[in-house]
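Trainee: According to our numbering, the sequence shown is numbered sequentially starting from 30.
Every residue gets a Cβ at the ideal spot worked out from N, C-alpha and C, and that includes glycine.
These numbers come from a predicted model, not from an experiment.
Quick one: structure below, then a few questions.
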Amino acid sequence: MAHTFTHLLTHIIFSTKDRRPVLDADLKARLFPYLGGIIRAHDGKAIIINGPTDHLHILASLAAKHALSDLMRELKADSSGWVHKNFPNQHAFAWQIGYGAFSVSHSSLAEVEKYIANQEEHHRKVSFQEEFVIFLKRHEMEFDERFLWE
């Protein structure tokens, strides 16, 4: 085969450091497009980015030629520096160390996109910690909750 074809849909979840509620409407309105630009620079496409005040959900189509860990390192480092530069009042802004990344089938694309679009409403009923544990269990991932929130 002369060409390589991939369709790598990924649902990425990560929070602010200590799940601080610092993602206000003004910050999100500028930060989300910036994050999308970083993903584009890695030959990907951000389909939707949303979240409440303490964490983000990103649904993206990612390029196979870039390691997810490299993208995540750059996504967090660059965006954190950008926040400090453009929002001086956010001097303590930081992302948590880890993240979750879950594969999404094309047949589930619309459902996941809707889920991410409705994050504020969703988190009136379910905390970030509860939600993240549900994702880990749904994807049959092993974890020790004692160390999950460090």
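1) Which word fits residue 87, buried or exposed, when buried means at least 16 other C-beta atoms lie within 10 angstroms of its C-beta?
2) With respect to 8 angstroms, is the separation between the Cβ of residue 100 and the closest non-hydrogen atom of the ligand COA below this value?
3) Nearest by alpha-carbon distance to residue 129: which of 95, 172 and 135 is it?
4) Would you kindly report the start and end of the unbroken beta strand (DSSP E) that includes residue 74?
5) I'd like to check one pair, residue 91 with residue 68: are the Cβ atoms closer than 9 angstroms?
6) Spatial neighbours of residue 105 within its chain, please: CB distance less than 6 angstroms, with the 5 preceding and 5 following residues excluded, ordered by chain position.
7) For residue 7 and residue 83, which I take to be in contact (beta-carbon distance under 8 angstroms), what is that distance rounded to the nearest angstrom?
8) With a Cβ-Cβ cutoff of 9 angstroms, do residue 33 and residue 97 count as a contact?
9) Residue 45 and residue 122 - do their beta-carbons sit closer together than 9 angstroms?
10) Using a Cβ-Cβ cutoff of less than 8 angstroms, which residues in the same chain neighbour residue 93 once the five nearest sequence positions on both sides are dropped?
11) Measuring alpha carbon to alpha carbon, tell me which of 165, 174, 103 and 118 ends up nearest residue 71.
12) Per DSSP, what kind of secondary structure is residue 127 in: helix, strand or coil?
13) Are the beta-carbon atoms belonging to residue 158 and residue 79 less than 9 angstroms from one another?
14) Since residue 91 sits in a beta bridge, which residues does DSSP pair it with?
15) With C-beta atoms as the reference, is residue 164 less than 9 angstroms away from residue 42?
Mentor: Straight from the coordinates:
1) Position 58 of the sequence shown, counted from the start, is the residue given in the question as residue 87. Classification of residue 87: buried, given that the 10 Å Cβ count is 16 or more.
2) You won't find the ligand COA in this model; it holds no ligand whatsoever.
3) Position 100 of the sequence shown, counted from the start, is the residue given in the question as residue 129. Nearest neighbour of residue 129 by Cα position, chosen from 95, 172 and 135, turns out to be 172.
4) Residue numbering aside, residue 74 sits at position 45 when the sequence shown is read from its first letter. Segment 74–79, the beta strand (DSSP E) holding residue 74.
5) Along the sequence shown, one-based indexing puts residue 68 at 39. Along the sequence shown, one-based indexing puts residue 91 at 62. A contact, by the Cβ cut-off of 9 angstroms.
6) Your numbering for residue 105 matches position 76 in the sequence shown. Excluding sequence neighbours, residue 105 sits near 124.
7) No statement about residue 7 is possible, as the shown extent of the chain runs from 30 to 179 and does not include it.
8) Taking the first residue of the sequence shown as position 1, residue 33 is located at position 4. Taking the first residue of the sequence shown as position 1, residue 97 is located at position 68. Contact flag unset, no.
9) Taking the sequence shown and counting its residues from 1, the one referred to as residue 122 is at position 93. Taking the sequence shown and counting its residues from 1, the one referred to as residue 45 is at position 16. In this structure, residue 45 lies closer than 9 angstroms to residue 122 by Cβ.
10) Locating residue 93 in the sequence shown gives position 64, where the first residue counts as 1. Here residue 93 has 33, 35 and 37 as same chain residues with Cβ atoms under 8 angstroms from its own Cβ, once five neighbours each way along the sequence are excluded.
11) As a position in the sequence shown, residue 71 is number 42, starting the count at 1. Distances from the alpha-carbon of residue 71 to those of 165, 174, 103 and 118 put 103 closest.
12) On the sequence shown, residue 127 is found 98 positions in, with the first residue counted as 1. Looking at residue 127 - three-state DSSP - the assignment turns out to be coil, as it is neither helix nor strand.
13) What you label residue 158 is simply residue 129 of the sequence shown in a count that begins at 1. What you label residue 79 is simply residue 50 of the sequence shown in a count that begins at 1. With respect to the 9 angstroms criterion, residue 158 and residue 79 are not classified as neighbours on the basis of their beta carbons.
14) Taking the sequence shown and counting its residues from 1, the one referred to as residue 91 is at position 62. By DSSP's assignment, residue 91 forms a beta bridge with 37.
15) For the purposes of this step, residue 164 is identified with residue 135 of the sequence shown, where counting begins at 1. For the purposes of this step, residue 42 is identified with residue 13 of the sequence shown, where counting begins at 1. Note that the C-beta distance between residue 164 and residue 42 is below 9 angstroms.
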